[in-house]
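S.K.: Okay, handing you the structure first.
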Amino acid sequence: PPARATRLVPTTAPGAFAEAARLLAAGGLVAFPTETVYGLGANAADPRAVAALYAAKGRPAFNPLIAHTHDAASARRLGHFNRAAGLLAERFWPGPLTLVVPYAGDDGVCELARAGLDTVALRVPSHPDAAALLAAFGGAVVAPSANRSGHVSPTTARHVMEDLGGRIDAVLDGGPAPVGVESTILDVTGAVPVLLRPGGLAREVIEAALGHPLARPGRADDARPVAPGRLASHYAPRARLRLDAGDVAPGEALLTFAGALPPGADRAAQVIDLSPSGDLTEAAARLYGALRGLDASGCAAIAVVPLPHEGLGEAIADRLARAAAPRPADETSASEIPT
Ligand code: TXA
Ligand code: MG
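With the sequence shown counted from 1, adding 6 to any position gets you full-length UniProt numbering.
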C-alpha cells in the first residue's frame with residue numbers, strides 16, 4: 007500500500023473527532039479506540055476506502071468487516087432484525103456484541119465490505135470516543151481490529167502505531183481499550199442465535215437474556231457462512247505458545263493467572279500474571295498486551311497455565327488456542343483467513 011503520514015491524535019485534543027470524521031469522509035483510514043480493541047475505520051459506503059483498508063491491513067478481501075454505527079436505530083436501518091436480534095440489540099447495545107443479520111442497507115455498507123455476502127455484521131460500540139467519532143461522521147464505519155492481518159489485536163494506540171504506522175492517516179489515542187478482547191459475534195439470521203466468535207460479552211450473560219442456550223457454529227465446510235476469523239492461527243505472537251502447561255521448560259516465558267507458579271517458574275525468562283486476583287475480566291483486558299510484552303522479550307516459547315473457561319475465559323481460551331495453532335506458511339492461503 008502507498009505510504010501515508012500517520013498522525014497520532016489524543017481524543018482530548020480540540021476538534022479531534024471533527025478532523026477524524028473529515029478524514030473518513032475523504033476516504034481516509036482512521037484508527038480509533040473501542041471498548042474491545044482499537045479498530046481501523048473507513049467509510050463503509052466507500053469501496054475505494056474499504057479497498058485501501060484491506061490493503062493497509064494485508065487482509066484478504068473475502069473476509070467481511072463489521073459495520074459500526076453511533077446508535078442502535080442507525081444499525082437497525084442496515085439490516086433485518088428478527089425477534090431474537092431485536093431483543094439482543096435492545097439489551098446489549100451499545101456494547102461488545104456484533105450481530106450478523108440479513109443486509110438491508112442499500113449502499114450504506116458496500117459490497118466489498120460485506121465480501122459479497124447477503125448478510126452484514128453490525129455493532130454499536132459503547133466506548134465514548136468511538137461513539138463521538140461515529141456521531142461526528144454520521145454514516146456507518148467499517149472497522150476491523152487495527153493490526154496487520156494475522157497479528158495480535160491492538161489494545162493501545164502505541165500497538166496500532168507499531169503495526170500500521172506509515173500505512174494509515176491517523177490514530178485517535180483514547181487510552182487502553184477496557185475490555186481487551188474483540189466483540190462477541192452472533193449469527194442472528196435464524197430463530198436461534200449462533201455463537202460465531204466468543205468475545206467481550208460472555209455467553210452466560212447472553213443466554214440468560216435469551217432464556218435458552220446459543221447454538222453451535224456450523225463447520226467451515228457447511229453451506230452457512232461462518233465468521234472466517236474463527237479459523238485457526240490468528241492473533242499470533244512470534245513466540246510459540248504451549249497451552250495448559252503444567253511446568254515451565256528451560257528458556258520459556260510464563261503466562262500465568264491467579265498467582266499460579268508451576269514447577270520451573272523460577273527459571274522462566276519472564277513471567278506475566280494476567281490477573282493475580284484471579285479476575286477473568288482483568289485477564290481479558292491484559293491478554294493482548296501480555297502477548298506483545300512477552301514477544302518483545304525475545305523468548306522463543308511461552309508456557310501458558312490452564313485458565314478457567316467460564317465468563318470471558320471462553321474468549322481468552324479461543325484467542326490463546328488460535329495464537330497457539332500451527333501457522334500457515336502463506337498468510338493468504340484460502341484455508342486460513344487471518345483477521
Ligand atoms: O471488537 C470488535 O469486534 C473489533 C472492534 C474494532 O469493533 N472488530 C473486529 O473486527 O474484531 P475483525 O474484522 O477483526 O473481525 C470481524 C469478524 C471476522 O471474523 C469476520 O469474518 C466476521 O467478523 N464477519 C464480518 N461480517 C460477517 C458476516 N456477514 N457473517 C459472518 N461473519 C462475519
Ligand atoms: Mg481482527
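No residue lacks a Cβ here, since even glycine has one placed at the ideal position from N, Cα and C.
Could you give the DSSP three-state label for V211: helix, strand or coil?
M.R.: V211: helix per DSSP, three-state reduction.
S.K.: Using the three-state DSSP reduction, which class does E337 fall into: helix, strand or coil?
M.R.: Annotation note: pLDDT 41 at E337 (below 50); position unreliable, coordinate value reported separately. Looking at E337 - three-state DSSP - the assignment turns out to be coil, as it is neither helix nor strand.
S.K.: For L170, name the three-state secondary structure that DSSP assigns.
M.R.: DSSP places L170 in helix when its eight states are reduced to three.
S.K.: How long is the line joining the alpha carbons of L318 and P100, rounded to whole angstroms?
M.R.: Distance between the alpha carbons of L318 and P100: 18 Å.
S.K.: Who are the near neighbours of V185 in its chain, counting only those whose CB is closer than 7 Å to its CB and skipping five residues on each side?
M.R.: The residues are E41, T42, P102, G206, A290, A291.
S.K.: Taking the alpha helix (DSSP H) that T287 falls in, what are its first and last residues?
M.R.: From DSSP, the alpha helix (DSSP H) with T287 extends over 286-302.
S.K.: Whole angstroms are fine: how far does the CA of L280 sit from the CA of R246?
M.R.: Looking at the two C-alpha atoms, the distance is approximately 18 Å.
S.K.: Kindly indicate which residue of L202, K63, E188 has the alpha-carbon position closest to the one of V107.
M.R.: The residue with the shortest Cα to Cα distance from V107 is L202.
S.K.: Considering Cα atoms alone, identify which of I322, N69, A296 is closest to S189.
M.R.: Out of I322, N69, A296, I322 has the C-alpha closest to the C-alpha of S189.
S.K.: Roughly how many angstroms lie between the CA atoms of S303 and A81, to the nearest whole one?
M.R.: Roughly 42 Å separates the two Cα atoms.
S.K.: Taking three-plus beta-carbon pairs below 8 Å as touching, is the segment 253-268 in contact with the segment 305-316?
M.R.: These segments touch.
S.K.: Please report the residue range of the beta strand (DSSP E) in which A264 lies.
M.R.: No beta strand (DSSP E) contains A264, which DSSP labels as neither H nor E.
S.K.: Leaving out five residues before and five after A183 in sequence, what residues of the same chain have Cβ atoms less than 7 Å from its Cβ?
M.R.: These residues qualify, in order along the chain: P39, T40, E41, T42, V43, Y44, T161.
S.K.: With C-beta atoms as the reference, is R325 less than 8 Å away from L293?
M.R.: In this structure, L293 lies closer than 8 Å to R325 by Cβ.
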